[in-house]
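Trainee: To start, I am sharing the structure in question, which I have written as structure tokens.
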Amino acid sequence: MAVRLILGLLMTVVCLGIAGRRLFFLVQLGKRFQPLADRQLDTSEAVKAEVSEVAGQRKLLRWTVPGIAHFFVFWGFMVLLFTIVEAFFGLVKADFQIPVLGNYAWFGFFEDLFALLCVAALVVFTILRIQQAPKNLGRKSRFFGSHIGPAWFVLFMIFNVVWTLLAYRGASINAQELHDPANADKMGFLHGAFASQWFASILPKTNLEVWETVFLLLSLAVLLGFTVFVTYSKHMHIFASIPNVAYARRPRALGALEPVYWAGKKIDFEDPGDDDVMGVGKVEDFTWKGLLDFATCTECGRCQSQCPAWNTDKPLSPKVLIMGLRDHALAKAPYIMAAKGEDGEVVTAGLAATAVAEAERPLVGPEGDENASVGEHGIHGTGAIPFDMLWSCTTCGACVEQCPVDIEHVDHIVDMRRYQVLMEGAFPEEAGIMLNNVEHAGDPWGLGRTKRLEWAEELDFEIRVYEGEKIPDDVDYLYWVGCAGALDDTAKKTARAVATLLHEAGVEFMVLGEAESCTGDPARRMGHEFLFQMLAMQNVEVLNEAGAKRIVVTCAHCYNTLANEYPQVGGHYEVVHHTTLLARLVAEKKLTPIQRVDAAVTYHDPCYLGRHNRIFAAPREVLGAVPGARVQEMPRNRERSFCCGAGGARMWMDENLGTRINQNRADEALATTPDIVAAACPFCITMLSDGVAQRQQEGSAAGVQVTDVAEVLLRSVRPDLVDAAAEATA
Numbered sequence: 019m020a021v022r023l024i025l026g027l028l029m030t031v032v033c034l035g036i037a038g039r040r041l042f043f044l045v046q047l048g049k050r051f052q053p054l055a056d057r058q059l060d061t062s063e064a065v066k067a068e069v070s071e072v073a074g075q076r077k078l079l080r081w082t083v084p085g086i087a088h089f090f091v092f093w094g095f096m097v098l099l100f101t102i103v104e105a106f107f108g109l110v111k112a113d114f115q116i117p118v119l120g121n122y123a124w125f126g127f128f129e130d131l132f133a134l135l136c137v138a139a140l141v142v143f144t145i146l147r148i149q150q151a152p153k154n155l156g157r158k159s160r161f162f163g164s165h166i167g168p169a170w171f172v173l174f175m176i177f178n179v180v181w182t183l184l185a186y187r188g189a190s191i192n193a194q195e196l197h198d199p200a201n202a203d204k205m206g207f208l209h210g211a212f213a214s215q216w217f218a219s220i221l222p223k224t225n226l227e228v229w230e231t232v233f234l235l236l237s238l239a240v241l242l243g244f245t246v247f248v249t250y251s252k253h254m255h256i257f258a259s260i261p262n263v264a265y266a267r268r269p270r271a272l273g274a275l276e277p278v279y280w281a282g283k284k285i286d287f288e289d290p291g292d293d294d295v296m297g298v299g300k301v302e303d304f305t306w307k308g309l310l311d312f313a314t315c316t317e318c319g320r321c322q323s324q325c326p327a328w329n330t331d332k333p334l335s336p337k338v339l340i341m342g343l344r345d346h347a348l349a350k351a352p353y354i355m356a357a358k359g360e361d362g363e364v365v366t367a368g369l370a371a372t373a374v375a376e377a378e379r380p381l382v383g384p385e386g387d388e389n390a391s392v393g394e395h396g397i398h399g400t401g402a403i404p405f406d407m408l409w410s411c412t413t414c415g416a417c418v419e420q421c422p423v424d425i426e427h428v429d430h431i432v433d434m435r436r437y438q439v440l441m442e443g444a445f446p447e448e449a450g451i452m453l454n455n456v457e458h459a460g461d462p463w464g465l466g467r468t469k470r471l472e473w474a475e476e477l478d479f480e481i482r483v484y485e486g487e488k489i490p491d492d493v494d495y496l497y498w499v500g501c502a503g504a505l506d507d508t509a510k511k512t513a514r515a516v517a518t519l520l521h522e523a524g525v526e527f528m529v530l531g532e533a534e535s536c537t538g539d540p541a542r543r544m545g546h547e548f549l550f551q552m553l554a555m556q557n558v559e560v561l562n563e564a565g566a567k568r569i570v571v572t573c574a575h576c577y578n579t580l581a582n583e584y585p586q587v588g589g590h591y592e593v594v595h596h597t598t599l600l601a602r603l604v605a606e607k608k609l610t611p612i613q614r615v616d617a618a619v620t621y622h623d624p625c626y627l628g629r630h631n632r633i634f635a636a637p638r639e640v641l642g643a644v645p646g647a648r649v650q651e652m653p654r655n656r657e658r659s660f661c662c663g664a665g666g667a668r669m670w671m672d673e674n675l676g677t678r679i680n681q682n683r684a685d686e687a688l689a690t691t692p693d694i695v696a697a698a699c700p701f702c703i704t705m706l707s708d709g710v711a712q713r714q715q716e717g718s719a720a721g722v723q724v725t726d727v728a729e730v731l732l733r734s735v736r737p738d739l740v741d742a743a744a745e746a747t748a
């Protein structure tokens, strides 16, 4: 007993000391990062999230087979904690058992059952990793770019933890008579431990105490060694995921982007400080929550498998990006932690050359870096993050939606873009045209305010236009037409359809006309926060002076900005998307679809309407109310809808890497053999129209139309307008 107690305590002190030192280092490193401003821990929400996402494995279970396997590994280890407690106390008392529970055979059965379920899950993971290995699937593997070797080692170590604990319990069963000959049944839980009983049956029946000691020390050595390995590997997520989930943005890190902070304070763009850094230019400019995100990444590749950029052969993988930031942060960590001299410069004497070299490496590489690439073993290039990787993102949020540990990929990408745009002036050249147009003309096309009412000229009724006075009390909604609805020829049809439907329903509405300007969404998503702030404050001033209370919008991006981001600059309004309002008017019988629209319709969920704002039902309710319309879903729909490629200001940049995102989505829509492809955002309609048109030029997809949900409803409510339009076209 004395030997195993001494050896066991020695192993425990050494291994936990090494692991604790590593954790202490990571905590101290996090303190060198930026503080997390304006986000306090909401205890009740954090507890709900821990129960749902950590204990319940909610996000993981969306992926049925690997989700169930991970559920059993997680809960297998939770139950094995009892066995681990038994092992540690077994150093002191050979016949130790958990108080109360240890008296019952069912408890031992329960422990062994979950141990074997954990082993079964490891078998599933092994099969999945072989089937989905990068060498078999290439970039299509969600494990492409992950650290494959350590992942296999972890599976091996989990198996070792399980079998050595069971073997120790088997040896304990054999040693019962030696420990307490008068009461061989004293450790009641072991009599239900069927797997441990099997180990007992195959172990030698001689030198019982020796075998018990050997397997006890072996099980503790494996467990403690695994603990040390975890703190130095990507399986740090075992510890990091709990605080990361607790401090995640609620209800999700989608919708609104956060303001720009520096040193824990929100930057005042009307009067910024001389030392303010706008965005993230060095890895330590991220908040400590950012570092926690990097440490929490499990490299599972769920984000990668859903990313529209990665799926169209572009260099962006959300997983690899987070891994790249983590690797860069850890490689640079000695430099970040190093002492500073009197001049404030880091004292590099004694630092490893690799740490100094990593510190000199830019966070984002230069445009046109010939060395930049994303391969099976990670990122290569001048910068920690390649230029094209950063600018391939559409900010669709698929990565955030799928991440089982609540990593905030989009926030980190936009923060790096902010620094590139505002501090370095580095961004794709073609985006500069859009920014210039928005700044000087108030719209991305540069057409100007004087054309903002041309869309209404074909209406057979007059619309009320804001002229500088308060909106009258009889106006139900201010109709925010948006840049696309007012200026884009295709989107104008949607604007007229919505206006006509509101008029038919007796809804009084007013438009801003020339007083309306771009909401600033494309500027903000590409990182030009200063321009966004300028536009947002101008628009909020107009809306507040007009006394706007309820606003209806047709653009998913305008909806997200007005509803979720304008409160950051003093604009608080009730904002409703046109599909939500139309669904309500149909339900209230204020709009009555009468004409059959005999067509197969497939609906595309816009990212900023669906995934970012959870509006899934309303567009489908509108389509479902149209007689004759047969709604059929694409395989990727609702939360897993595939992006059209327009978000993140990508609509205004050339797509010259890989294949086209909009073509990928258009092909998926066409595979349902539709007559109509419907959407609820002008950006999506533009992108999908281009994709369908490409296939029509190639001789397929003949007769397929791409249109807004409102236009489909209008065909049924006012068929005379559709007939008139057809005659005019003829």
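Numbering (my numbering), first residue to last: 19 to 748. The beta-carbon is built from N, C-alpha and C at its ideal position, and this holds for glycine as well. Remember, predicted model here, so these are calculated numbers, not experimental data.
1) Which residue's Cα is closest to the Cα of ILE285: ILE36, VAL640, GLY464, LEU440?
2) Starting from the Cα of GLU639, find the closest Cα among ALA684, ALA698, GLY589 and give me that residue.
3) Helix, strand or coil, according to DSSP, for GLN712 in the structure here?
4) For LEU44, name the three-state secondary structure that DSSP assigns.
5) Judging by CA-CA distance, which residue of ALA87, GLU526, ARG379 is the nearest neighbour of ASP494?
6) Here's the rule: buried if 16 or more other CB atoms are within 10 angstroms of the residue's CB, otherwise exposed. What is THR372?
7) Can you tell me which of the three DSSP states ALA744 falls into?
8) In the DSSP assignment, what residue or residues form a beta bridge with LEU221?
9) Mind checking TYR353: buried by the 16 CB within 10 Å criterion, or exposed?
10) If you reduce the DSSP assignment to three classes, tell me which class ILE116 lands in.
11) Closest to THR597 by C-alpha separation, out of LEU530, PHE171, GLU729, would be which residue?
12) Hey, quick one: how far does the alpha helix (DSSP H) through GLN149 stretch, first residue to last?
13) State the Cα-Cα distance for the pair GLU276 and ASP429, rounded to the nearest angstrom.
14) Under the rule that 16 or more other beta-carbon atoms within 10 Å means buried, what is GLY1, buried or exposed?
15) My guess is that ALA554 and TYR584 are in contact by the Cβ rule of under 8 Å, so how many angstroms apart are they, rounded?
16) How would you label ASN557, buried or exposed, when you count the other beta carbons within 10 angstroms and need 16 or more for buried?
17) Can you tell me whether GLN52 is buried or exposed? The criterion is at least 16 other CB atoms within 10 Å of its CB, across all chains shown.
18) State buried or exposed for GLY362, treating a residue as buried only when at least 16 other CB atoms are found within 10 Å of its CB.
19) DSSP on THR597, reduced to helix/strand/coil?
20) Is the beta carbon of LEU776 sitting closer than 9 Å to the one on ALA515?
21) Just to confirm the assignment, what range does the alpha helix (DSSP H) spanning TYR437 have?
22) Under the three-state reduction of DSSP, which class applies to TRP280: helix, strand or coil?
23) Looking only at its own chain, which residues have a Cβ that is under 6 Å from the Cβ of ARG160, when we skip the five neighbours before and after it?
24) Going by DSSP, which residues form a beta bridge with GLU592?
25) Is it buried or exposed for TRP216, if we count other Cβ within 10 angstroms and need 16 for buried?
26) Quick one: Cα of ARG568 to Cα of VAL432, how far?
27) So who's on the other strand from TYR495, going by DSSP bridges?
28) From this set, GLY291, ALA351, GLY308, which residue's C-alpha is nearest VAL14's C-alpha?
29) Does the distance from the CB of SER259 to the CB of VAL423 come in under 9 Å?
30) May I ask you to report which of helix, strand or coil DSSP gives TYR265?
31) Which one or two residues does DSSP pair with ILE403 in a beta bridge?
32) Where does the unbroken beta strand (DSSP E) through VAL695 begin, and where does it stop?
33) Look at GLY210 and PHE128 and say whether their C-beta atoms are less than 9 Å apart.
34) Between PRO611 and the rest of its own chain, which residues show a CB-CB distance below 8 Å, the 5 nearest in sequence each way excluded?
35) Please identify the residue among GLY588, GLY74, VAL32 whose C-alpha is closest to the C-alpha of VAL246.
36) Exposed or buried, what is ALA689 when buried is set at 16 or more other beta-carbons lying within 10 Å of its beta-carbon?
Mentor: Straight from the coordinates:
1) Residue 285 sits at position 267 when you count from the first residue of the sequence shown. Minimum Cα-Cα distance from ILE285 among the listed residues ILE36, VAL640, GLY464, LEU440 corresponds to LEU440.
2) Taking the sequence shown and counting its residues from 1, the one referred to as residue 639 is at position 621. Nearest to GLU639 by C-alpha distance, out of ALA684, ALA698, GLY589, is ALA698.
3) Numbered from 1 along the sequence shown, position 694 holds the residue referred to as residue 712. Note: GLN712 maps to helix in three-state DSSP.
4) Residue numbering aside, residue 44 sits at position 26 when the sequence shown is read from its first letter. When secondary structure is reduced to three states using DSSP, LEU44 falls in the helix class.
5) What you label residue 494 is simply residue 476 of the sequence shown in a count that begins at 1. Taking only the C-alpha atoms, the option nearest ASP494 is GLU526.
6) Position 354 of the sequence shown, counted from the first residue, corresponds to residue 372. In this structure THR372 is exposed. Its beta-carbon is surrounded by fewer than 16 other beta-carbon atoms within 10 angstroms.
7) Within the sequence shown, residue 744 is the residue found at index 726, counting from 1. At ALA744 the pLDDT is 46, less than 50, meaning the model places this residue with poor confidence; the figure from the coordinates comes in the next sentence. DSSP places ALA744 in helix when its eight states are reduced to three.
8) Position 203 of the sequence shown, counted from the start, is the residue given in the question as residue 221. According to DSSP, LEU221 bridges with nothing at all.
9) As a position in the sequence shown, residue 353 is number 335, starting the count at 1. Around the C-beta of TYR353, 16 or more other C-beta atoms lie within 10 Å, and the residue is accordingly described as buried.
10) Start at 1 with the first residue of the sequence shown, and residue 116 comes out as number 98. ILE116 sits in coil when the DSSP states are folded into three classes, being neither helix nor strand.
11) Against the sequence shown, residue 597 aligns to sequence position 579. The residue from LEU530, PHE171, GLU729 with its alpha-carbon nearest to that of THR597 is GLU729.
12) For the purposes of this step, residue 149 is taken as the residue at position 131 of the sequence shown. Per DSSP, GLN149 belongs to the alpha helix (DSSP H) from 123-149.
13) One-based indexing of the sequence shown puts residue 276 at position 258. One-based indexing of the sequence shown puts residue 429 at position 411. C-alpha separation (whole angstroms): 7 Å.
14) Any question about residue 1 goes unanswered here, given that the chain covers just 19 to 748.
15) Taking the sequence shown and counting its residues from 1, one reaches residue 554 at position 536. Taking the sequence shown and counting its residues from 1, one reaches residue 584 at position 566. Contact holds; Cβ gap of about 6 Å.
16) In the sequence shown, residue 557 corresponds to position 539, counting from 1. With at least 16 other beta carbons inside 10 angstroms of its own, ASN557 counts as buried.
17) As a working mapping, residue 52 is identified with position 34 in the sequence shown. GLN52 should be labelled buried.
18) Locating residue 362 in the sequence shown gives position 344, counting from the first residue. Classification for GLY362: exposed.
19) For the purposes of this step, residue 597 is taken as residue 579 along the sequence shown, with counting starting at 1. In the three-state scheme derived from DSSP, where H, G and I count as helix and E and B as strand, THR597 is classed as helix.
20) There is no way to answer for residue 776, as the model of the chain reaches only from 19 to 748.
21) The residue given as residue 437 occupies position 419 in the sequence shown. Where TYR437 is concerned, the enclosing alpha helix (DSSP H) stretches over 427-437.
22) Here residue 280 refers to the residue found at position 262 when the sequence shown is read from its first residue. The three-state reading of DSSP puts TRP280 in strand, counting E and B together.
23) Working through the sequence shown from its first residue, we reach residue 160 at position 142. Its chain contains GLY319, GLN322, SER323 as the residues whose beta carbon lies nearer than 6 Å to that of ARG160, once the 5 sequence neighbours on both sides are disregarded; these appear in chain order.
24) Taking the sequence shown and counting its residues from 1, one reaches residue 592 at position 574. DSSP lists ARG568 as partners of GLU592.
25) Here residue 216 refers to the residue found at position 198 of the sequence shown. Residue burial annotation: TRP216 is exposed, with fewer than 16 other C-beta atoms found within 10 angstroms of its C-beta.
26) Here residue 568 refers to the residue found at position 550 of the sequence shown. Here residue 432 refers to the residue found at position 414 of the sequence shown. Straight-line measurement puts the Cα of VAL432 at about 30 Å from the Cα of ARG568.
27) Working through the sequence shown from its first residue, we reach residue 495 at position 477. In the DSSP assignment, TYR495 forms a beta bridge with PHE527.
28) In the structure as shown, the chain begins at 19 and stops at 748. Residue 14 is therefore absent and cannot be evaluated.
29) Position 241 of the sequence shown, counted from the first residue, corresponds to residue 259. Position 405 of the sequence shown, counted from the first residue, corresponds to residue 423. It is a contact, given that the beta carbons lie within the stated cut-off.
30) As a first step, residue 265 must be located in the sequence shown, where it is residue number 247. For TYR265, the secondary structure class from DSSP, reduced to helix, strand or coil, is coil.
31) Taking the sequence shown and counting its residues from 1, the one referred to as residue 403 is at position 385. In the DSSP assignment, ILE403 is bridged to VAL382.
32) Position 677 of the sequence shown holds residue 695. 694-697 is the extent of the beta strand (DSSP E) around VAL695.
33) Start at 1 with the first residue of the sequence shown, and residue 210 comes out as number 192. Start at 1 with the first residue of the sequence shown, and residue 128 comes out as number 110. Yes, the pair counts as a contact, with Cβ atoms nearer than the cut-off.
34) Against the sequence shown, residue 611 aligns to sequence position 593. A distance below 8 Å between beta-carbons, with the five flanking residues on each side excluded, links PRO611 to the following residues of its chain, in chain order: VAL604, ALA643, VAL644, PRO645, LEU731, SER734, VAL735.
35) The residue labelled residue 246 in the question sits at position 228 within the sequence shown. Here the closest residue by C-alpha is VAL32.
36) Locating residue 689 in the sequence shown gives position 671, where the first residue counts as 1. Burial check for ALA689: the Cβ neighbour count within 10 Å stays below 16, so the residue is exposed.
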